[in-house]
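Residue numbers (the numbering used here), protein chains in the order written: chain A, 434 to 708; chain B, 640 to 755.
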Amino acid sequence: MIDPQQADGVFVLIPALNEEASVGEVIRGVRAVLPQAAIVVADDSSTDATRSVALAAGAEVLSLPFHLGLGGCVQAGYRLAFELGFEYVIRVDGDGQHDPRDVPRILDALRTTGCQMAIGSRFCEDNGNGHTSAPRAIGIVIFRLLLRPILGRSVHDPTSGFVGVNREALEVFSRSFPLEYPEIEALVVLQRRRFQFVEVPCRMRPRLTGRSTITAPKSLYYIIHVLLGVFVNILKFERRRWFRPKKASAQAQAVVRDESRKASEEQAGVRAKGN
Amino acid sequence: MDRLLNVMTLLSIGLFVLVLASVRRAHIRVEYSVSWLGAAIVLLVLSRSRSLLEWVATLLGVRSAPLALIMLALCVFLVVFYRFSVIISSLKDANIALTQRVAILEFHLQAMHERR
Numbered sequence: 434m435i436d437p438q439q440a441d442g443v444f445v446l447i448p449a450l451n452e453e454a455s456v457g458e459v460i461r462g463v464r465a466v467l468p469q470a471a472i473v474v475a476d477d478s479s480t481d482a483t484r485s486v487a488l489a490a491g492a493e494v495l496s497l498p499f500h501l502g503l504g505g506c507v508q509a510g511y512r513l514a515f516e517l518g519f520e521y522v523i524r525v526d527g528d529g530q531h532d533p534r535d536v537p538r539i540l541d542a543l544r545t546t547g548c549q550m551a552i553g554s555r556f557c558e559d560n561g562n563g564h565t566s567a568p569r570a571i572g573i574v575i576f577r578l579l580l581r582p583i584l585g586r587s588v589h590d591p592t593s594g595f596v597g598v599n600r601e602a603l604e605v606f607s608r609s610f611p612l613e614y615p616e617i618e619a620l621v622v623l624q625r626r627r628f629q630f631v632e633v634p635c636r637m638r639p640r641l642t643g644r645s646t647i648t649a650p651k652s653l654y655y656i657i658h659v660l661l662g663v664f665v666n667i668l669k670f671e672r673r674r675w676f677r678p679k680k681a682s683a684q685a686q687a688v689v690r691d692e693s694r695k696a697s698e699e700q701a702g703v704r705a706k707g708n
Numbered sequence: 640m641d642r643l644l645n646v647m648t649l650l651s652i653g654l655f656v657l658v659l660a661s662v663r664r665a666h667i668r669v670e671y672s673v674s675w676l677g678a679a680i681v682l683l684v685l686s687r688s689r690s691l692l693e694w695v696a697t698l699l700g701v702r703s704a705p706l707a708l709i710m711l712a713l714c715v716f717l718v719v720f721y722r723f724s725v726i727i728s729s730l731k732d733a734n735i736a737l738t739q740r741v742a743i744l745e746f747h748l749q750a751m752h753e754r755r
């Protein structure tokens, strides 16, 4: 059983779908840089040996009985981490594109800046990265332009899935998380809650195996889907702001914080009893 | 026009009977049959009541009563489809939450077995 205290409060989440060829190397890479951390592979109902490879490499496996897609799979991991009482969750893709050596940098950024989210960015500095497909590169440029006025600042790599979140963001995402193409919508959700994010320069590698699911024909659908998701999120939060009195809103947030604190204390109590 | 209205009457009766039979065989749950039965009744009434149909056509600003009937049929089915989209979305959300909960419970169960 994974224990947040033994793991120093750090939970590394590896969403994977049919990644038997790469997930073992990813797990060993993470273990090498963060020996204490809890490493959990969220297996989105793989049909290959992803689960057994992950177990053999020393990770815990959260097996989804049905394929939920990336957002649902990641949210299941966030829910588990939140319920177990973890402080930080770092998401690393199971295809090997994210370099595990950058995981400590993301964790440090979360710990030192106090930001709720740290994004591993391939464009933040001159990382010398050319591992982005043409459709994705076009999408990134479009979303950079779109997000700048919404977020009030520029974000260099809005589609990066190499992210770390602290417990505040974890609480939000464990309750509500975009199901398809979640990265950009998640940024908007955080910004509307006045949360902060920081970008950390990271290396991205070519996929170890397999092919990206974002092909050229899907790119247009991707852009429309994300634009709609961003628009809906803005409407949802602005509507709340307009129709809810400020005092009531502050009280509601205080209640949520209080409930979260109680849940954490209960979890800690259960663990203490278990030990 | 009479032929179109007769065809519409037959179609609406067919829809009504089909939905009732499906409910009886438990292929459709009662709560989800209401929209279809309502749609069938609306179309049946309009196709049998020429004066009502002409009144509706005038109300819609459509000169041709059959065209008004087709427009109305389209609108009725759009409402039914919309309702089912809402239901499907709600079911999908519930399904995702349930799947995640099952996975998390299974994870805890596995950990308990390992501890023993």
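Every residue gets a Cβ at the ideal spot worked out from N, C-alpha and C, and that includes glycine.
These numbers come from a predicted model, not from an experiment.
DSSP places B:Ala712 in the helix class (H, G or I) of the three-state scheme. Listed in chain order, the non-local C-beta contacts of B:Val715 below 6 Å within the same chain comprise Ala678, Val681, local neighbours out to five positions each way being set aside.
Around the beta carbon of A:Val663, 16 or more other beta carbons sit within 10 angstroms, so the residue counts as buried. In the DSSP assignment, A:His531 is bridged to A:Met637.
A:Glu493 carries a strand assignment under DSSP once its states are collapsed to helix, strand and coil. Relative to the Cα of A:Thr483, the nearest Cα in the group A:Val456, A:Pro650, A:Asp590, A:Phe628 belongs to A:Val456. Taking A:Arg461 as the centre and dropping the five residues before and after it, the same chain places the C-beta of Ala490 closer than 7 Å to its C-beta, in chain order.
Exclusion of the five residues before and after A:Val536 leaves Val445, Val463, Val466, Leu467, Ile523, Val525 as the residues of its chain whose Cβ lies within less than 7 Å of its Cβ. Measuring C-alpha to C-alpha distances from A:Arg600 to each of A:Ile573, A:Phe576, A:Leu543 identifies A:Leu543 as the nearest.
For a cut-off of 8 Å, the C-beta gap from A:Ala475 to A:Val507 is around 7 Å, short enough to register as a contact. For A:Arg512, the chain B residues whose C-beta falls within less than 7 Å of its own C-beta are Gln739, Ile743, listed in chain order.
At a cut-off of 8 Å between beta-carbon atoms, A:Phe499 makes contact with chain B. Note that the C-beta distance between B:Leu691 and B:Leu708 is not below 8 Å.
A:Ile617 is a Cβ neighbour of A:Val659, given a cutoff of 8 Å. Interface with chain B (8 Å Cβ-Cβ cutoff): A:Ala509 is included. At a cut-off of 8 Å between beta carbons, A:Leu660 makes no contact with chain B. Chain-order list of chain B residues neighbouring A:Leu612: Ile735, by C-beta distance under 8 Å.
Per the coordinates, the alpha-carbon of A:Asp528 lies some 52 Å from the alpha-carbon of B:Phe655. Note on A:Pro611: 16 or more other CB atoms within 10 angstroms of its CB, so buried under the neighbour-count rule. With fewer than 16 neighbouring CB atoms inside 10 Å of its own CB, B:Glu753 falls in the exposed class. For A:Ile617, there is no enclosing beta strand (DSSP E); the residue is found in the alpha helix (DSSP H) stretching over 615–625. Bounds of the beta strand (DSSP E) holding A:Arg524 are 521–524. Taken atom to atom, the span from the alpha-carbon of B:Glu670 to that of A:His500 is near 28 Å.
Here DSSP, grouped into helix, strand and coil, assigns A:Ala454 to coil. Against B:Arg754, the close residues of chain A are Met434, in the order they occur along the chain (beta-carbon pairs closer than 8 Å). The secondary-structure analysis by DSSP pairs A:Asp476 across a beta bridge with A:Ala449, A:Ser496. The residue among B:Arg687, B:Ser672, B:Gly653, B:Leu676 with its C-alpha nearest the C-alpha of B:Ile726 is B:Ser672. DSSP places B:Ser651 within a helical segment (H, G or I) once states are collapsed to three.
Distance from the CA atom of A:Ser607 to the CA atom of A:Val622, rounded to whole angstroms, is 13 Å. The DSSP-derived three-state label of A:Val588 is coil. Cβ contact annotation for A:Gly442 (same chain, cutoff 7 Å, sequence separation greater than five): Phe519, Glu520, Tyr521, in chain order. The three-state reading of DSSP puts A:Phe515 in helix, counting H, G and I together. A:Ser479 has a beta carbon lying at 8 Å or more from every beta carbon in chain B. Just so you know, the alpha carbons of B:Ser703 and B:Ala696 end up roughly 7 Å apart. Using a Cβ-Cβ cut-off of 8 Å, A:Gly505 is close to Ile735, Thr738, Gln739 of chain B, given in chain order.
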